[in-house]
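Working notes, structure below.
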Amino acid sequence: MKKIELVALFLLTAVLFVGCTAQQSAKKEPSLKDALAGKFHIGTALNANQITGRDSAGVRVVKEQFNAIVAENCMKSGEIQPREGEFDFSLADQFVDFGVENDLFITGHCLIWHSQAPRWFFTDAEGNDVSREVMIERMKTHIYTVVGRYKGKIKGWDVVNEAIMEDGSMRNSKFYQIVGDDFIKLAFQFAHEADPDAELYYNDYNEWYPGKRDAIVQMVRSLKADGVRIDGIGMQGHVGMDSPSLEDYEAAMVAYANEGMKVMVTELDMSILPNRRRDVGADISTNIEYQQELNPYTDGVVPQEKQDEWDARMLDFFNLFLKHSDDVTRVTLWGVADGDSWKNNFPVRGRTDYPLLFDRNHEPKTAVAKIIEAATKQ
4 MKKIELVALF
14 LLTAVLFVGC
24 TAQQSAKKEP
34 SLKDALAGKF
44 HIGTALNANQ
54 ITGRDSAGVR
64 VVKEQFNAIV
74 AENCMKSGEI
84 QPREGEFDFS
94 LADQFVDFGV
104 ENDLFITGHC
114 LIWHSQAPRW
124 FFTDAEGNDV
134 SREVMIERMK
144 THIYTVVGRY
154 KGKIKGWDVV
164 NEAIMEDGSM
174 RNSKFYQIVG
184 DDFIKLAFQF
194 AHEADPDAEL
204 YYNDYNEWYP
214 GKRDAIVQMV
224 RSLKADGVRI
234 DGIGMQGHVG
244 MDSPSLEDYE
254 AAMVAYANEG
264 MKVMVTELDM
274 SILPNRRRDV
284 GADISTNIEY
294 QQELNPYTDG
304 VVPQEKQDEW
314 DARMLDFFNL
324 FLKHSDDVTR
334 VTLWGVADGD
344 SWKNNFPVRG
354 RTDYPLLFDR
364 NHEPKTAVAK
374 IIEAATKQ
């Protein structure tokens, strides 16, 4: 072989080696799901654009970073059964198919919730409240149909959502008014009958309030005493920069774990914006009048010191989850990237918020690397 050919071969080999090494190096960059493997699932909520693939950038982030998904809206009763007996599974089927194809832990959200429920669910042809018997039968039909369709595919269900108030009293929803507080027991019973292998959860916000925390604990004890299956408590995790305290949040986590419950952070986001009220939680009926001082970062730029503060608090929460990883089974962000978040319009319409781990360009925020570093050290 001529000298020039040997040199060319050497150079080609070197280029290929460098290219392969660079590619392998890029592949070694840890993701959230890599760093948290063996600790808990890390998930996100999917909207319609991601489920259908229209948001290709969002889909890329989901596949790269997360190993669990939940539907943001397409499995709520108003979406899935808009008229009695007329079920629309088109988007829900795509959501479940995406999860199965990508080997993701799929959570169904949610079966019984007073909000985003179709009006017919509670009324007769004349618009009057239906009887307790009719209401129970409608609950049973809805749960059997939805849970039964995805038996073996959906691993866990948010069976009842937001039924308890901050002071520990029952929310005066139509389910409570018509059926009574045993609507919770019946919902869990029906869900278990529809899929005996699926995990069943109670999901709520502001679940760190002492009154609500203690009422949830009592609800768990009552269900278990009656032989009704309940596997976990979903702590929605809609938090702010100054509330709740880590101590209060941890106390709730410990209280639920002490009852034998799996603890899940199911709808995590952390608003970086100022708030006039500390008790807003996730009650979507809340609406605070727009004021410019409540929307300070409209141009997409968050001051570095404020971003550092946000990073530190988000890391504090993840360190708390890691500390209790024996009990925490899943942490799910309520959205993929900042542009997707419902917090852009809640509780003040028209705001620009930055509550998630990925920015509007679907790039990881600085907090992501810090979370990955903390997880890999444990």
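Residues are numbered in the working numbering as their position in the sequence shown, beginning at 1, plus a constant of 3. In this text, a Cβ means the ideal position worked out from N, Cα and C, and glycines have one as well. Note that this is a predicted model, so its numbers are computed, not measured.
Sequence ranges, beta strand (DSSP E) only - wholly within the region 145-224, length at least 3: 159-164, 202-207
First and last residue of the uninterrupted alpha helix (DSSP H) at L249: 249-261
Among V371, V73, W116, T47, the one whose alpha carbon lies nearest that of N175: W116
E91 in three-state terms, based on DSSP: The amino acid at residue 91 is misidentified as Glu; the sequence shows Asp. Note: D91 maps to coil in three-state DSSP.
D132 - DSSP class collapsed to helix/strand/coil: strand
Contained beta strand (DSSP E) runs [length at least 3] in the region 320-368, N- to C-terminal order: 331-336
Beta-carbon gap between S80 and A120 smaller than 8 Å: yes
With 16 other Cβ atoms within 10 Å as the buried cut-off, status of R216: buried
Contacts around G130, its chain only, beta-carbon distance under 8 Å, and the 5 residues preceding and following it disregarded: none
Rounded straight-line distance, which links the Cα of R352 to that of E67: 32 Å
Candidates F361, V304, K143, of which the one nearest V62 by Cα: F361
L35 versus C113: straight-line alpha-carbon distance, rounded: 26 Å
At least three beta-carbon pairs within less than 8 Å, the region 133-140 to the region 83-90: no
Best match in D207, V371, R232 for proximity to D198 [C-alpha to C-alpha]: R232
Top-ranked residue by Cα proximity to N348, from P213, S274, Q310, V371: S274
Residue closest to R333, alpha-carbon to alpha-carbon, out of D319, D185, M256, G155: M256
8 Å contact criterion, which V64 and V339 should meet: CB distance rounded: 5 Å
Neighbour-count burial assignment, V266, 16 or more Cβ in a 10 Å radius: buried
Exposure of N70, with buried meaning 16 or more beta-carbon neighbours within 10 Å: buried
Under the three-state DSSP convention, the category K108 falls into: The amino acid at residue 108 is misidentified as Lys; the sequence shows Phe. Looking at F108 - three-state DSSP - the assignment turns out to be strand.
Residue-chain proximity (F186, chain C), Cβ-Cβ < 8 Å: The structure shown contains no chain C, having only a single protein chain.
Exposed unless 16 or more other CB atoms sit within 10 angstroms - verdict on A141: Correcting the residue type first, residue 141 is Arg in the shown sequence and not Ala. Buried: at least 16 other Cβ atoms inside 10 Å.
Residues that DSSP places opposite D229 in a beta bridge: Beta-bridge pairing links D229 to no other residue.
Contacting residues, own chain, Cβ-Cβ under 8 Å from E296 (five flanking each side not counted): P277
Inter-residue Cα distance where the pair is Y259 and A201: 19 Å
Under 8 Å between C-beta atoms of D251 and Y204: no
CB contact flag (I219, I167, <8 Å): yes
Sequence-distant residues of the same chain with beta carbon closer than 8 Å to K158, five excluded per side: F108, I109, T110, A201, E202
Within 8 Å, strictly: CB atoms of Y153 and F193: no
Cβ distance (whole Å) where A38 is taken to contact T379 below 8 Å: 5 Å
DSSP state of I275 mapped onto helix, strand, coil: coil
Euclidean distance between Cα positions of A190 and D341: 34 Å
T301 classed as buried or exposed, judged by whether at least 16 other C-beta atoms fall within 10 angstroms: exposed
Cβ-based burial, K346 [other Cβ within 10 Å; buried from 16]: buried
Three-way DSSP call (helix, strand, coil) for A372 in this model: helix
Opposing strand residues paired with M265 [DSSP bridges]: What sits at residue 265 in the sequence shown is Lys, not Met. BP columns for K265 point to G235.
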